[in-house]
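Some notes on the structure that comes next.
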Amino acid sequence: MISATSRASLDMSRIAFAVVGFACVVLWSCVSAADEGLAAEPSFSDAEIKIILSHGPWPTRVGPDPSNRVSGKPDAIELGTVLFFDQRLSGSGTKACATCHVPERNWTDNLPHGVGMAQVDRNTPTLMNLRGQRWYGWDGAADSLWSQSLRPILDARELAATPRHVANLLRNDEQLSCRYRRVFGAPPSPIDDETVFVNVGKVLAAFQETLVSGRTPFDQFRDALARGESPSAQTYSTPAQRGLQIFIGKGGCSRCHSGANFTSGEFFKTGLSREKPLGKPDPGRPEGIRQVRESRFNLLGSYSDDASRAAGAQRVALASGSDGEFKVPTLRNLMLTAPYGHDGDVDTIAEVVRRHAGDGQSAGSPGLTPREQTDLVVFLESLSTFSNPWRPEDASRCD
């Protein structure tokens, strides 16, 4: 059940998002009007339009996860929602998944590093648009959403719980036990802690699969192009259009931030975040590969519901990476997820663009001019929406 306090907080955040969104619309309009005499609207070639169309349509259609037999099932989504906000899931009874993944903060916490029972080493990623990804976590240490959902429960710095603690919560709470029985057809096993624990991960994943960001100004522009129309600057500002042209061209951004979710879902070394102190390097992808291969919860294990396991075998066997590589994040709702980077040490979108535009790192230095950087920022801001499609609902009583 979502508390009245959480609902009130979310309602206030929607008002705040609406105000900020209106301000941004006004700002984009002013920028467009002031800039009208400086540069004409860009003309997109057929090749450019093809790339633009590849960033949609949105939202995409993603089927149920074959490794999770309760993926997409309403009863599983309801139980996952209840558990996501339940502080009793933690070992101390004082933290919940929602402690770091806050609905009104676009399912993150807007802190450089997440703080559960203690501070963790990396920035808290958003939970929006996680459906159908190949890897999960900054280092890809999980190969399914349900196995990723188990990791913070066990981490001593996050929820600091154990499979037995979680299983006992489901066994001893009448409503949770009833909901579990609805989902899995039997009450929580009285002796098999780990199966109950894994099933909790699967219902948490079923809930997270429902978190999909809304449509944005870019999506409206993209869909108009798909219909063969020529949208004007009144519907999508000239700076945003110029920024889009830089994004897919000179900036080289779409090579990594590809597809409708603006991410390849793979790993890259950008040099975006500052160096860690000597003696404390974050290896990134190589450590994630080690963890996913060693995990009994990976797609090759007995807990996967995908009978073929072929996809999992290929993912784990072919995984590779170099030190300092981290997962390419989605750019959707970018305005709501600051600070940026796996280390959370970049405060603004403008600073992200500035570093990429001339940082000399392996991502390349496209050498963007100040105006080009500004245009790119305007485009990136157009990938955000200030509506929150998720609505808290009181769970019905389970009888």
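If you're matching positions, the sequence shown starts at 93 in this note's numbering and goes up one per residue.
Beta carbons: idealized from backbone N, C-alpha and C, even for Gly.
For F471, the secondary structure class from DSSP, reduced to helix, strand or coil, is helix. Cβ contact annotation for I141 (same chain, cutoff 6 angstroms, sequence separation greater than five): L317, in chain order.
The C-beta of T429 has 16 or more other C-beta atoms within 10 Å across all chains shown, which makes the residue buried. H205 is not a Cβ neighbour of W199, given a cutoff of 8 angstroms. If you keep only unbroken alpha helix (DSSP H) runs of at least 4 residues inside the stretch 143 to 225, you get 166 to 176 and 189 to 192. Membership of E266 in the alpha helix (DSSP H) is indicated by the continuous run E266 to F276. When the alpha-carbon of A399 is set against those of F177, N160, H147 and I143, the nearest one is in N160. Taking each of S269, L219, S356 and V304 in turn and checking the Cα distance to N291, the smallest one comes out for S269. Excluding its 5 nearest sequence neighbours in each direction, V295 has C-beta neighbours in its own chain below 7 angstroms: V162, A168, L171, G172, L175 and V275, listed in chain order. With contacts defined as CB atoms closer than 8 angstroms, V438 and Q465 fail to qualify as a contacting pair. Its Cα nearest to that of V304, the residue M220 stands out among L468, M220 and C189. DSSP places F289 within a helical segment (H, G or I) once states are collapsed to three. Between the alpha carbons of R249 and A188 lies a gap of roughly 13 angstroms. Just so you know, the alpha carbons of C345 and S356 end up roughly 11 angstroms apart.
In this structure E473 is buried. Its beta-carbon is surrounded by 16 or more other beta-carbon atoms within 10 angstroms. DSSP places I381 inside the alpha helix (DSSP H), whose first and last residues are R377 to E386. CA-CA distance, P195 to D213, rounds to 22 angstroms. T440 and P134 have their alpha carbons spaced roughly 26 angstroms apart.
Looking at the backbone, the Cα of S324 and that of W482 are separated by about 31 angstroms. Looking at the DSSP output, K419 shares a beta bridge with F359. In the DSSP assignment, Y228 is bridged to A234.
Annotation for R334: the continuous alpha helix (DSSP H) segment containing it runs T330 to I340.
From the listed residues A190, Y272, G320 and N480, the smallest Cα separation to C490 is found for Y272.
For V438, the pairing in a beta bridge is given by DSSP as Y432.
Shortest Cα-Cα distance from V154 to any of L262, C348 and E301 involves E301.
When E417, S396 and G351 are compared, the shortest CA-CA separation from I381 is found for E417. For A316, the uninterrupted alpha helix (DSSP H) segment begins and ends at P309 to A318. The Cβ atoms of P280 and A298 do not sit closer than 8 angstroms to each other.
Between the C-alpha atoms of P421 and H349 there is a straight-line separation of about 8 angstroms.
Taken through DSSP and simplified to helix, strand or coil, L246 comes out as helix. Under a 10 Å Cβ-count criterion, I144 is classified as buried, with 16 or more other Cβ atoms of the shown protein chains found around its own Cβ.
It is roughly 9 angstroms from the alpha-carbon of R347 to the alpha-carbon of F339.
Restricting attention to R314, P217 and L262, the CA atom closest to the CA of P431 is found in P217. Restricting attention to H147, R223, N202 and P149, the CA atom closest to the CA of N215 is found in N202.
Around G185, the same chain offers Q179 as residues with beta carbons nearer than 6 angstroms, after the five sequence neighbours per side are excluded.
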